[in-house]
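S.K.: Mind looking over this structure? Questions follow.
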Amino acid sequence: MSCSSLRGQAAYFNPIWEAEANGESKIIEATKRRIRRKREARYLAYAEIEQFREEKEEQFRKKCALLKEEEERQKERIRNNVDEEVAWMKARVKLCKPIVIIFYYLLLYFCTI
Numbered sequence: 549m550s551c552s553s554l555r556g557q558a559a560y561f562n563p564i565w566e567a568e569a570n571g572e573s574k575i576i577e578a579t580k581r582r583i584r585r586k587r588e589a590r591y592l593a594y595a596e597i598e599q600f601r602e603e604k605e606e607q608f609r610k611k612c613a614l615l616k617e618e619e620e621r622q623k624e625r626i627r628n629n630v631d632e633e634v635a636w637m638k639a640r641v642k643l644c645k646p647i648v649i650i651f652y653y654l655l656l657y658f659c660t661i
């Protein structure tokens, strides 16, 4: 219905149209607020997820560092243990060497008799 067909009654409809326009603008504003809140919520959720991921990665890096340190300590213990065993074996060889030489000379002596 156009305003020209209403003739003189258009003035009566102006308050109604203004109220309708105000209602539409409020609906549009509410929709914009809702969209803005959704964006903010999405951003906050993403930020929280990112923070959680960073915390877990940091925990993982710390755990890996601790495991690597423990592995190095264990390797060092094994090296020290091997060094101790080699030193012990050398000491045993030094102790046994004179006895072997004596047995060798005894064997030579008895074989020549």
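Quick note on the numbering used here: the sequence shown kicks off at 549 and runs consecutively. Beta carbons are placed, not taken as given, at the ideal position from N, Cα and C, and that holds for glycine.
Which complete alpha helix (DSSP H) runs does the segment 595 to 644 hold, if anything under 4 residues is left out?
M.R.: Runs found: none.
S.K.: Between the alpha carbons of Lys645 and Tyr653, how many angstroms are there, rounded?
M.R.: Numbered from 1 along the sequence shown, position 97 holds the residue referred to as residue 645. Numbered from 1 along the sequence shown, position 105 holds the residue referred to as residue 653. Those two C-alpha atoms are separated by around 12 Å.
S.K.: Given this structure, state the Cα-to-Cα distance separating Lys586 from Arg609, to the nearest angstrom.
M.R.: Here the question's residue 586 lines up with position 38 in the sequence shown. Here the question's residue 609 lines up with position 61 in the sequence shown. Approximately 34 Å, taken between the alpha carbons.
S.K.: In whole angstroms, what separates the C-alpha of Val641 from that of Ile626?
M.R.: The count along the sequence shown starts at 1 and reaches residue 641 at position 93. The count along the sequence shown starts at 1 and reaches residue 626 at position 78. The straight-line gap from Cα to Cα measures roughly 22 Å.
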